[in-house]
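The sequence shown begins at 119 in the working numbering and counts up one residue at a time.
Cβ coordinates follow ideal geometry from the N, Cα and C atoms, glycine included.
See structure below.
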Amino acid sequence: MFILPAKALKGNIALPGDKSISHRAALLSAMAVGVTRIDNFATSADCASTLECLERLGVEIGRDGPTVTVHGSGKTGFRQAEGHLDCGNSGTTMRLLAGILAGQGIESVLTGDDSLRSRPMQRVIKPLTAMGAAIGSENGRAPLAIHGSKSLRAMAYRPEVASAQIKSCILLAGLNAKGETSLIEEVPTRDHTERMLRWLGVDVRETRDEDATKISVSGDSVLTAKDLTVPADISAAAFFMVAAACLPGSQIEIRNVGLNPTRSAIIEVLSRNFGAAIDISEQHELNNEPVGTMSVRGGLLPQQSNQIKGRMVSELIDEIPVLAVFGTQLEGGLEVRDATELRVKESDRIAAVVENLKRMGADVEEFHDGFLVRKSQLRGARVDSFGDHRIAMAFAVAGLLAEGETEIPGAECAAVSFPGFFEVLQNAIVYQ
Ligand code: S3P
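In structure tokens:
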């Protein structure tokens, strides 16, 4: 893909359904009793992996464009699949499905592409094993051979890493365990699983003390099918928000975008810290998820803070690649710390952004847990997508802000979360 400098972004931006919410809509409605219609299901390759795995497990699924119909199997009605279950590039598919399969009386093997097979899975193997599932793996990596148990033990678990995937994995296993399973969360992570379980009639209890929140579900819970509409993906919106904020004269609008407070820190950071003109209107709820219409106008004001660290990292985890590009446009640059998790995403995202920013002439320093990027005039260059959708899209934004032409080989990996990204972007660009 070749990207030329842009003057502005204009118009209505049509985004795919949220990837995190779509995964959960498919998985939870598969565990429900009854038929669920899911509207605006993500078109992403990752969510297609989830649907294919469920079909292989005997779940009947109908597809009509972005509308997906799931005939629930109930909590334990999954059928043993023949051969491996291929999660593709999708960590969410693998880690959440592992939680469901741990409580089925079947054997399953979860695998994925080279990137997914190199990512850490010990973080789910350890707690699921403690609950009574037997999981075979080499070095804590996929393929995972899951020997499920119909008599999982409930437990209270405090993960070492702040991760919505670990949290969701444990809660989904807990739905099939004897007694009450709790997840103790020190740093809040996206709470789509909790919200959707409640939508489907499950009593998810939360108690807070000063250092953590305890989230509990009972093994007696029943999920009852109830139709769902997936909001537009705020993490996909982030690429357009950053580009529009950096290009004066831009004016874009995004409808029905997810505004869940565990995902919307990108709005706060761009507007409160950097003075981006972001307006939210028509706020309402879609199946327990807040949504609204967002408009972004070009222009930034001098910033109050140029650091992202601590708890902020997990609230912005998927937006950091595009924020790195954003940092090149800020007077005080941008420093990201406490973000070692970025090294075990679809690529090592710290190394990937540092490498690509350097190729584009930016002044950037790498740390073990983040990076510091200083205000820089970007120059078009041949960057690398590293086979990572968010790196490909972040550097498309960099190309809009650079002098000269930027080349992104392997840019088709954007389809992992956003097929059609480059067409939507192209239609919004106003050239010099
Ligand atoms: C996700 C959680 C995050 C995020 C990923 C999607 C989810 O991962 O980076 O893109 O849907 O639960 P971690 O839970 O590993 O932080």
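Any idea what DSSP makes of residue i, helix, strand or coil?
i    : result
E473 : helix
P342 : Looking at the sequence provided, one finds Thr at residue 342 rather than Pro. Three-state DSSP puts T342 in a strand.
F159 : coil
P245 : helix
M412 : strand
P261 : strand
N374 : strand
R455 : coil
A356 : helix
S399 : strand
E298 : strand
Q425 : strand
S140 : helix
Please find out if some non-hydrogen atom of the ligand S3P comes closer than 7 Å to the beta-carbon of residue i.
i    : result
T185 : no
S526 : According to the sequence provided, residue 526 is Ile. The question's Ser does not apply to it. No - the ligand S3P has no heavy atom lying nearer than 7 Å to the Cβ of I526.
T211 : no
N369 : Per the sequence shown, the amino acid found at residue 369 is Gln instead of Asn. No, the beta carbon of Q369 sits no closer than 7 Å to any heavy atom of the ligand S3P.
D204 : no
H141 : yes
R174 : no
A282 : yes
S503 : no
T380 : no
R455 : no
D436 : yes
S147 : no
S423 : no
K125 : no
S236 : no
R155 : no
S286 : yes
K463 : yes
T168 : no
S336 : no
R308 : yes
E459 : yes
What does a CB cutoff of less than 6 Å around residue i pick up in its chain, not counting 5 residues either side in sequence?
i    : result
T411 : R373, S399, E400
S353 : D436
S423 : N391
D136 : V348, P349, D351, G376
L315 : V322
L518 : A124, A361
S494 : T446, A480, D481
I302 : R276, A330, K332
H189 : V153, E178
D397 : S413
A282 : T307, R308
G254 : A263
S535 : K137, S162, H507
G217 : C287, L290, A291
S334 : E298, S300, R323
Q425 : E453
Express the C-alpha separation of residue j and residue i in angstroms, rounding to a whole number.
i    : j    : result
R271 : R508 : 38 Å
R181 : T210 : 21 Å
A532 : F539 : 7 Å
E173 : Q198 : 11 Å
S389 : Q222 : 46 Å
T524 : L365 : 17 Å
V542 : S382 : 22 Å
T191 : R142 : The question names Thr, but residue 191 in the sequence shown is Ser. Straight-line Cα distance between these residues: approximately 15 Å.
F489 : G428 : 14 Å
V491 : L127 : 24 Å
E256 : E433 : 31 Å
G258 : D309 : 26 Å
A514 : T325 : 43 Å
A356 : P134 : 13 Å
L419 : E386 : 14 Å
R285 : V462 : A small fix is needed here, since residue 285 is Lys in this sequence, not Arg. Rounded to the nearest angstrom, the two C-alpha atoms are 17 Å apart.
E200 : S147 : 22 Å
M359 : I370 : 8 Å
D232 : D466 : 13 Å
What residues in its chain sit with their C-beta under 8 Å from that of residue i, if we drop five residues either side in the sequence?
i    : result
T347 : I156, D157, N158, L404, N405
G337 : L270, A272, G292, L293, N294, A295, K296, G297, E298, T299
G266 : L219, A220, G221, Q222, G223, I224, E225, S226, A251
A260 : C205, M212, L228, T229, G230, L234, R235, R237, M239
P408 : G376, L377, N378, P379, Q401, H402
Sorted by chain position, which residues of the same chain lie with C-beta nearer than 7 Å to residue i's C-beta, five sequence neighbours on each side aside?
i    : result
V279 : R241, E459
K476 : V482
A248 : M273
L175 : F196, R197, A199
Quick check for students: name the residue ranges of the beta strand (DSSP E) that lie wholly in the stretch 184–219, counting only runs of 3 or more. For secondary structure counted as the beta strand (DSSP E) over 3 or more consecutive residues, the stretch 184–219 holds these complete runs in sequence order: 185–189.
Suppose only complete runs of 3+ residues qualify. What are the beta strand (DSSP E) ranges in the stretch 464–542, listed by chain order? Qualifying beta strand (DSSP E) stretches, in chain order: 481–485, 488–492.
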